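> Residue numbers (numbering that gives the first Met the number 0): 0 to 209. Take a look at the following structure, please.
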Amino acid sequence: MKPQRLTLSMKIILIVSLLILAFLLFELLFRPGVVRHALASAAYKRGNYRQAEKTWSSLRDPTDGDPIPENSLGQAQFKTGNYDESVNSQAAALKEKGKVAQFHYDRGNALYRGGKLDGALEAYRSAMLLDPDDQDAKSNYELVLKRQGYKPPPPAPTSDKKQDQLPPPNPPSEEDQEQYRNQLDALDQQEARDRQQPGQAGPQGSGKWW
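In structure tokens form, the structure reads like this:
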């Protein structure tokens, strides 16, 4: 019985399979960090946050200038409730690349869960200044302000009222006023763009996390 010859489609499948296998072997031998990062990401998506945390922790290298392992590690630590460690990991990511709104947002989440509300406000504000369209940072910033019990400055007296008829003034501190001004500047940028482009829908956020 004569051996069966490979058809053209079978040859193509065999060649493609060999190329994929060669690529995987190359990645495993010469770029093991990429493979381990992919494994950690898969563990994170399955909800195995501790395994992901362990793998990303081993990939940290403050000399390579890559903030992704630190940021990913911080997200896994947040999921496991290690909020202080998450803050430190996000700070390391920001040290390597500070102008990433997502890193500030993730750090703000960890600070909030750790009870450090002033730090969370600062982190969310930094995220909004880098990305005024970040609706999640805006929502979380407003919620933290409400939890802090902050109120905007009282309105100025009108001309038809005498000063002695008003209650004693109790204006907020200069720091609170600066926070409020920064908040308004960041939050109003998106509204201004919406007015200029009335037919354009706003960005879709991932929703608040608390």
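Heads up, the beta-carbon is just placed ideally off N, CA and C, and yes, glycines get one too. Values in this document were obtained by computation on a predicted structure and should not be read as measured data.
1) Cutting at 7 Å between CB atoms, please list the residues of its own chain near Leu-110, excluding the five before and the five after it.
2) Give the range of the alpha helix (DSSP H) segment to which Gly-107 is assigned.
3) Nearest to Asp-130 by alpha carbon, out of Leu-142, Val-99, Leu-116?
4) Using the three-state DSSP reduction, which class does Pro-68 fall into: helix, strand or coil?
5) In whole angstroms, what separates the C-alpha of Leu-116 from that of Lys-78?
6) For Lys-94, count neighbouring C-beta atoms within 10 Å of its own C-beta (all shown protein chains included) and say buried if the count is 16 or more, exposed if not.
7) Judging by CA-CA distance, which residue of Ala-90, Ile-12, Glu-141, Asn-81 is the nearest neighbour of Pro-68?
8) If we ignore side chains and look at the alpha-carbon of each, how far apart do Glu-52 and Arg-35 end up?
9) Taking only three categories from DSSP, how would you classify Asn-87?
10) Alpha carbon to alpha carbon, how far is Asn-70 from Glu-84? Give it in angstroms, no decimals.
11) Taking the Cβ atom as the reference point for each residue, do Asn-81 and Asn-108 lie within a distance shorter than 9 Å?
12) Measuring alpha carbon to alpha carbon, tell me which of Arg-49, Leu-72, Asn-47 ends up nearest Leu-58.
13) Who are the Cβ neighbours of Gly-46 in its own chain at under 7 Å, not counting the five residues just before and after it?
14) Apart from the five residues on each side of it in sequence, which residues of its chain come closer than 6 Å, Cβ to Cβ, to Ala-143?
15) Output the distance between the C-alpha atoms of Val-15 and Ser-8, rounded to the nearest integer angstrom.
16) Within 10 Å of its beta-carbon, does Ala-41 have 16 or more other beta-carbons around it, so buried, or fewer, so exposed?
17) Measure the alpha-carbon distance for Pro-49 versus Ala-37 and round it to whole angstroms.
18) So, helix, strand or coil for Arg-59, using DSSP?
19) Could you check where the alpha helix (DSSP H) with Gly-118 kicks off and where it finishes?
With the given structure in hand:
1) Val-86, Gly-118, Ala-119, Ala-122
2) 100-112
3) Val-99
4) helix
5) 19 Å
6) exposed
7) Ala-90
8) 12 Å
9) helix
10) 11 Å
11) no
12) Leu-72
13) none
14) A small correction: the amino acid at residue 143 is Val; Ala does not occupy that position in the sequence shown. So the list reads Leu-116, Ala-119, Leu-120, once near-sequence residues are dropped.
15) 11 Å
16) exposed
17) Position check: residue 49 holds Arg in this sequence, whereas Pro was assumed. Spanning the two alpha carbons is a distance of roughly 15 Å.
18) coil
19) 116-129
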